[in-house]
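Have a look at the structure below, then the notes.
Numbering (UniProt numbering), first residue to last: 1 to 235.
Dropping the structure here:
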(Lines of atoms letter the chains of each structure in order from A and count residues from 1; the text may use other names and numbers.)
(Lines give C-alpha, C1' and ligand atoms only; values in the text may rest on other atoms or scores of the structure.)
Protein backbone atom coordinates (compact mmCIF):
# COMPACT_ATOMS: atom_id res chain seq x y z
CA UNK A 1 0.00 0.00 0.00
CA UNK A 2 2.74 2.38 0.82
CA UNK A 3 4.47 1.81 -2.54
CA UNK A 4 1.24 2.42 -4.42
CA UNK A 5 0.64 5.68 -2.57
CA UNK A 6 4.15 6.88 -3.42
CA UNK A 7 3.57 6.11 -7.09
CA UNK A 8 0.33 8.02 -7.10
CA UNK A 9 1.85 11.04 -5.41
CA UNK A 10 4.91 11.18 -7.71
CA UNK A 11 3.09 10.96 -11.00
CA UNK A 12 1.67 14.53 -11.03
CA UNK A 13 5.12 15.91 -10.20
CA UNK A 14 6.53 14.20 -13.29
CA UNK A 15 3.84 15.72 -15.52
CA UNK A 16 4.60 19.15 -14.11
CA UNK A 17 8.29 18.76 -14.95
CA UNK A 18 7.48 17.79 -18.55
CA UNK A 19 5.24 20.86 -18.99
CA UNK A 20 7.95 23.04 -17.49
CA UNK A 21 10.52 21.64 -19.92
CA UNK A 22 8.23 22.35 -22.87
CA UNK A 23 7.75 25.96 -21.75
CA UNK A 24 11.50 26.46 -21.46
CA UNK A 25 12.03 25.94 -25.22
CA UNK A 26 13.07 29.34 -26.59
CA UNK A 27 12.16 30.69 -30.01
CA UNK A 28 15.04 32.27 -31.97
CA UNK A 29 13.04 35.36 -32.92
CA UNK A 30 10.37 35.87 -30.21
CA UNK A 31 12.04 34.19 -27.23
CA UNK A 32 9.86 33.18 -24.24
CA UNK A 33 6.87 35.05 -25.66
CA UNK A 34 6.19 32.43 -28.31
CA UNK A 35 2.59 31.35 -28.16
CA UNK A 36 1.78 33.98 -25.54
CA UNK A 37 -0.64 35.92 -27.74
CA UNK A 38 -1.36 33.19 -30.28
CA UNK A 39 -5.01 32.98 -29.30
CA UNK A 40 -5.62 36.77 -29.23
CA UNK A 41 -6.87 38.85 -32.19
CA UNK A 42 -4.73 41.45 -34.01
CA UNK A 43 -5.40 44.94 -32.60
CA UNK A 44 -5.44 47.55 -35.38
CA UNK A 45 -6.42 50.27 -32.96
CA UNK A 46 -3.24 49.74 -30.95
CA UNK A 47 -1.14 50.03 -34.11
CA UNK A 48 -2.85 53.29 -35.02
CA UNK A 49 -2.23 54.61 -31.53
CA UNK A 50 1.45 53.75 -31.64
CA UNK A 51 1.74 55.34 -35.08
CA UNK A 52 0.26 58.57 -33.75
CA UNK A 53 2.71 58.52 -30.86
CA UNK A 54 5.64 58.07 -33.28
CA UNK A 55 4.44 60.99 -35.40
CA UNK A 56 4.10 63.18 -32.33
CA UNK A 57 7.60 62.37 -31.13
CA UNK A 58 9.02 62.92 -34.60
CA UNK A 59 7.32 66.34 -34.85
CA UNK A 60 8.79 67.35 -31.49
CA UNK A 61 12.24 66.31 -32.63
CA UNK A 62 11.70 68.17 -35.91
CA UNK A 63 10.75 71.37 -34.08
CA UNK A 64 13.89 71.07 -31.98
CA UNK A 65 16.06 70.51 -35.05
CA UNK A 66 14.58 73.50 -36.87
CA UNK A 67 14.96 75.72 -33.79
CA UNK A 68 18.61 74.68 -33.38
CA UNK A 69 19.32 75.23 -37.09
CA UNK A 70 17.68 78.66 -37.00
CA UNK A 71 19.73 79.61 -33.97
CA UNK A 72 22.96 78.57 -35.69
CA UNK A 73 22.08 80.57 -38.82
CA UNK A 74 21.33 83.69 -36.78
CA UNK A 75 24.58 83.32 -34.87
CA UNK A 76 26.53 83.00 -38.15
CA UNK A 77 24.84 86.05 -39.67
CA UNK A 78 25.56 88.12 -36.58
CA UNK A 79 29.24 87.22 -36.74
CA UNK A 80 29.41 87.59 -40.57
CA UNK A 81 26.91 90.28 -41.58
CA UNK A 82 26.02 90.89 -45.23
CA UNK A 83 26.73 94.32 -46.70
CA UNK A 84 23.06 95.04 -47.38
CA UNK A 85 21.99 94.01 -43.91
CA UNK A 86 24.79 95.98 -42.29
CA UNK A 87 23.51 99.31 -43.67
CA UNK A 88 19.78 98.67 -43.27
CA UNK A 89 19.53 100.97 -40.25
CA UNK A 90 21.39 103.74 -42.07
CA UNK A 91 19.16 103.39 -45.12
CA UNK A 92 16.10 103.77 -42.95
CA UNK A 93 17.52 106.97 -41.48
CA UNK A 94 17.84 108.42 -44.98
CA UNK A 95 14.08 108.87 -45.07
CA UNK A 96 14.29 111.64 -42.48
CA UNK A 97 16.84 113.69 -44.46
CA UNK A 98 15.65 116.94 -46.04
CA UNK A 99 16.49 118.38 -49.45
CA UNK A 100 19.05 120.80 -47.96
CA UNK A 101 20.84 117.89 -46.33
CA UNK A 102 21.00 116.08 -49.67
CA UNK A 103 22.37 119.17 -51.42
CA UNK A 104 25.02 119.71 -48.77
CA UNK A 105 26.57 116.31 -49.44
CA UNK A 106 29.80 116.88 -51.42
CA UNK A 107 30.20 115.00 -54.68
CA UNK A 108 33.13 112.63 -54.73
CA UNK A 109 34.91 112.08 -58.03
CA UNK A 110 35.83 108.73 -59.41
CA UNK A 111 39.30 107.99 -58.06
CA UNK A 112 39.18 104.28 -58.71
CA UNK A 113 41.21 104.56 -61.93
CA UNK A 114 43.71 107.04 -60.57
CA UNK A 115 47.24 105.74 -60.51
CA UNK A 116 48.41 105.28 -56.99
CA UNK A 117 51.82 106.55 -56.08
CA UNK A 118 54.16 103.74 -55.37
CA UNK A 119 57.09 103.68 -53.06
CA UNK A 120 60.15 105.03 -54.86
CA UNK A 121 63.49 103.47 -54.17
CA UNK A 122 66.76 105.19 -55.03
CA UNK A 123 69.93 103.20 -55.72
CA UNK A 124 73.31 104.91 -56.16
CA UNK A 125 74.76 104.62 -59.68
CA UNK A 126 78.20 103.14 -60.15
CA UNK A 127 81.02 105.41 -61.29
CA UNK A 128 81.74 103.17 -64.29
CA UNK A 129 78.17 103.47 -65.54
CA UNK A 130 78.31 107.26 -65.27
CA UNK A 131 81.53 107.41 -67.28
CA UNK A 132 80.09 105.20 -70.04
CA UNK A 133 76.99 107.39 -70.22
CA UNK A 134 79.10 110.54 -70.56
CA UNK A 135 81.15 108.93 -73.33
CA UNK A 136 78.08 107.85 -75.31
CA UNK A 137 76.19 111.11 -74.91
CA UNK A 138 79.14 113.34 -75.93
CA UNK A 139 78.81 114.99 -79.40
CA UNK A 140 81.58 114.86 -82.00
CA UNK A 141 83.52 118.09 -82.65
CA UNK A 142 83.16 117.69 -86.45
CA UNK A 143 79.39 117.49 -86.25
CA UNK A 144 79.32 120.56 -84.02
CA UNK A 145 81.48 122.54 -86.46
CA UNK A 146 79.56 121.55 -89.62
CA UNK A 147 76.17 121.84 -87.98
CA UNK A 148 75.09 118.43 -89.16
CA UNK A 149 75.62 119.24 -92.86
CA UNK A 150 78.68 117.04 -93.24
CA UNK A 151 77.83 113.60 -94.55
CA UNK A 152 80.09 110.65 -95.45
CA UNK A 153 79.13 110.70 -99.18
CA UNK A 154 82.70 111.38 -100.29
CA UNK A 155 83.92 108.19 -98.67
CA UNK A 156 81.34 106.08 -100.52
CA UNK A 157 82.76 104.54 -103.76
CA UNK A 158 80.92 105.27 -107.04
CA UNK A 159 79.14 102.28 -108.58
CA UNK A 160 80.23 101.52 -112.19
CA UNK A 161 77.21 100.09 -114.05
CA UNK A 162 79.34 98.97 -117.01
CA UNK A 163 81.54 96.84 -114.79
CA UNK A 164 78.46 95.34 -113.19
CA UNK A 165 77.06 94.37 -116.61
CA UNK A 166 80.36 92.81 -117.70
CA UNK A 167 80.54 90.82 -114.50
CA UNK A 168 77.04 89.47 -115.03
CA UNK A 169 77.91 88.46 -118.61
CA UNK A 170 81.01 86.62 -117.41
CA UNK A 171 79.04 84.74 -114.79
CA UNK A 172 76.38 83.79 -117.35
CA UNK A 173 78.95 82.47 -119.83
CA UNK A 174 80.56 80.35 -117.14
CA UNK A 175 77.21 78.83 -116.27
CA UNK A 176 76.48 78.04 -119.94
CA UNK A 177 79.88 76.40 -120.37
CA UNK A 178 79.25 74.19 -117.38
CA UNK A 179 75.86 73.17 -118.76
CA UNK A 180 77.33 72.31 -122.17
CA UNK A 181 79.99 70.16 -120.54
CA UNK A 182 77.42 68.33 -118.48
CA UNK A 183 75.40 67.46 -121.66
CA UNK A 184 78.36 66.46 -123.81
CA UNK A 185 77.07 62.89 -124.12
CA UNK A 186 74.11 64.06 -126.24
CA UNK A 187 74.27 64.15 -130.08
CA UNK A 188 75.30 67.58 -131.35
CA UNK A 189 74.22 68.63 -134.88
CA UNK A 190 76.60 70.74 -136.90
CA UNK A 191 74.51 73.61 -138.33
CA UNK A 192 76.92 74.21 -141.25
CA UNK A 193 77.93 70.73 -142.34
CA UNK A 194 74.87 68.65 -141.56
CA UNK A 195 74.37 67.90 -145.31
CA UNK A 196 77.98 67.06 -146.17
CA UNK A 197 78.55 65.14 -142.98
CA UNK A 198 77.02 61.84 -144.27
CA UNK A 199 79.73 61.72 -147.01
CA UNK A 200 82.36 61.22 -144.36
CA UNK A 201 80.60 58.08 -143.11
CA UNK A 202 82.21 54.76 -144.10
CA UNK A 203 79.85 51.99 -145.21
CA UNK A 204 81.22 48.58 -144.37
CA UNK A 205 78.30 46.16 -144.95
CA UNK A 206 75.44 45.49 -147.36
CA UNK A 207 72.87 45.91 -144.61
CA UNK A 208 73.85 49.54 -144.20
CA UNK A 209 73.50 50.07 -147.98
CA UNK A 210 70.02 48.56 -148.01
CA UNK A 211 69.02 50.77 -145.08
CA UNK A 212 70.23 53.86 -146.91
CA UNK A 213 68.30 52.84 -150.06
CA UNK A 214 65.13 52.38 -148.04
CA UNK A 215 65.57 55.79 -146.45
CA UNK A 216 66.08 57.43 -149.86
CA UNK A 217 62.98 55.68 -151.26
CA UNK A 218 60.87 56.88 -148.36
CA UNK A 219 62.21 60.40 -148.78
CA UNK A 220 61.33 60.32 -152.50
CA UNK A 221 57.79 59.11 -151.84
CA UNK A 222 57.30 61.75 -149.20
CA UNK A 223 58.53 64.42 -151.57
CA UNK A 224 56.14 63.34 -154.36
CA UNK A 225 53.15 63.11 -152.06
CA UNK A 226 53.71 66.51 -150.48
CA UNK A 227 54.65 68.33 -153.69
CA UNK A 228 51.42 70.36 -153.92
CA UNK A 229 51.47 71.18 -150.26
CA UNK A 230 55.00 72.48 -150.50
CA UNK A 231 54.02 74.63 -153.46
CA UNK A 232 51.22 76.23 -151.52
CA UNK A 233 53.57 77.05 -148.69
CA UNK A 234 55.99 78.72 -151.06
CA UNK A 235 53.18 80.77 -152.57
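For glycine and all other residues, C-beta sits at the position ideal for the given N, C-alpha and C.
{"Check": "Coil, strand or helix - residue 76 by DSSP", "Outcome": "helix"}
{"Check": "Between the CA atoms of residue 62 and residue 101 - distance to the nearest angstrom", "Outcome": "52 angstroms"}
{"Check": "Rounded separation between residue 60 and residue 93 - CA only", "Outcome": "42 angstroms"}
{"Check": "Whole-angstrom distance between residue 85 and residue 98, CA atom to CA atom", "Outcome": "24 angstroms"}
{"Check": "Pairwise C-alpha distance: residue 216 and residue 209", "Outcome": "11 angstroms"}
{"Check": "Cα-Cα separation between residue 127 and residue 165, rounded to whole angstroms", "Outcome": "57 angstroms"}
{"Check": "Span of the alpha helix (DSSP H), counted from its first residue to its last, around residue 89", "Outcome": "88–93"}
{"Check": "Where the alpha helix (DSSP H) through residue 103 begins and ends", "Outcome": "99–103"}
{"Check": "Where residue 221 falls, given that 16 or more other Cβ within 10 Å makes a residue buried", "Outcome": "exposed"}
{"Check": "Length of the line joining the Cα atoms of residue 178 and residue 172", "Outcome": "10 angstroms"}
{"Check": "C-alpha gap between residue 47 and residue 57, whole angstroms", "Outcome": "15 angstroms"}
{"Check": "Cα-Cα separation between residue 95 and residue 108, rounded to whole angstroms", "Outcome": "22 angstroms"}
{"Check": "Assigned secondary structure, residue 82 (DSSP; H/G/I helix, E/B strand, else coil)", "Outcome": "coil"}
{"Check": "Residue 212 (DSSP reduced to helix, strand or coil)", "Outcome": "helix"}
{"Check": "Spatial distance of residue 74 from residue 82 (CA atoms)", "Outcome": "12 angstroms"}
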